[in-house]
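Everything below concerns the one structure shown next.
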Amino acid sequence: MRSLATALEMSGLTDVGRLRSHNEDTIRIDAELGFLVLADGMGGYKAGEVASSIAVEVMHEVMQAQLAMIALHNKNSQNLPAIAAEMLTIAIDRSNSMIFQTGEKHPQCAGMGTTLVSGLFFDNRVAIAHVGDSRAYRFRQQQLLQLSHDHSLLQEQIDAGLISAEDARHAPHKNLVTRAVGVGPEVQAEIHDFAVEIDDLYLFCSDGLSDMLTDEVIALQMAAPECNLNLMASTLVELANAHGGKDNISVILVKINRDFSAQTGLLKKVGDWLS
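The numbering of the sequence shown is the numbering used here, which starts it at 0 and goes up by one.
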C-alpha cells in the first residue's frame, strides 16, 4: 500500500509576528494520517499558548487512536465522510474538555481558549473542522476560495448586511470570536467535507495571516509557478510581517499530488478487510 504521505505534500510554519512577545499559535501536520490542525490561543499571560498546545496535542492523539481503529467503525466506503466528521467532532470535544478542565483547576489559566481549524484527507476528499476565525482556503485553477466561515461578531454583521466585506477589513474589534475551544464545557465545531482534485492547494491559517493579507495577495503567492510549499509558507509569513505583523502568524499548506481513493490510499486496508 502506498503511503498517503506520497499523495499529500504538506508544509507548516508559525511565527511570533512583529508585535507580540510570545507565540500563542500551535500547529501540527501528519502526512501519514492525512491530518493537520492549527490553533490560535487566547487568554491571560501565556494561557493562550497553553490552550492551543493542549488542543493540538489532544486532537492529534485522539485522531491517531481513532484512525488506528477505523475498521471497527467502517461498514462501507459510503460512510467515510460521516466517519471523518465524527472523528473530528470527538477529537475537538476531547480538546475542549481538557482545556476547560485545566482552566478550572489553574486560576492563571481561567477563561483560556483557542480558535482551531483542522483538516482530515481521505478517499479523495477533505473534511474541514473549525471553531472561531482560523481559516481554510482552497486554491484551484487560479481561484482562491475560503472554505471556512468565521465564527466572529464581525462575520455576523457581514452576514446581516450591516457592513461590507471590504469595510470589515478596517473595522475595530474584528477579532471578537463567537465560538472558541475550551472557554465552556461544550463547543460546537463546524464541519464540512469537499472533493479534492490533483494539483489543488489548501491553506490553513490563523487570523494573523488573513488579517494582514487580502485574498488577492494570498492568491498571487499560491499561483507561483514553482510550487515549493516551504518557500510559499515562508513568503506568506514574511508578507504578513511586512504588512504589520500585528499578531502571531501560522500557515499550513497542503498540495494534492495524486489520487488517494479509499482503495489506493490510507484507507485501502478498510477495503481489503471488507472484500
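All residues carry an ideal CB built from backbone N, CA and C; glycine is no exception.
Counting C-beta pairs with one atom in each stretch, the stretch 161-171 and the stretch 239-249 have fewer than three that are closer than 8 Å, which means they do not touch. Here Ile28 is near Leu35, since their CB atoms are less than 8 Å apart. Counting only runs of at least 3 residues, the stretch 137-189 fully encloses the following beta strand (DSSP E) elements, listed from N- to C-terminal order: 142-145.
Distances from the alpha-carbon of Ala232 to those of Leu200, Ser20 and Ser260 put Leu200 closest. With a contact defined as Cβ atoms closer than 8 Å, Thr113 and Gly47 qualify at about 7 Å. Beta-bridge analysis with DSSP links Tyr201 to Arg137 and Val253. For Asp122, the three-state secondary structure derived from DSSP is coil. Partner residues in the beta bridge of Phe34, as assigned by DSSP, are Asp29 and Leu119. A Cβ-Cβ contact shorter than 8 Å links Ile98 with Ile53. Contact between Ala84 and Arg257 does not hold, since the beta-carbon distance rounds to 24 Å and is not under 8 Å. Annotation for Ser233: the continuous alpha helix (DSSP H) segment containing it runs Leu228 to Ala241.
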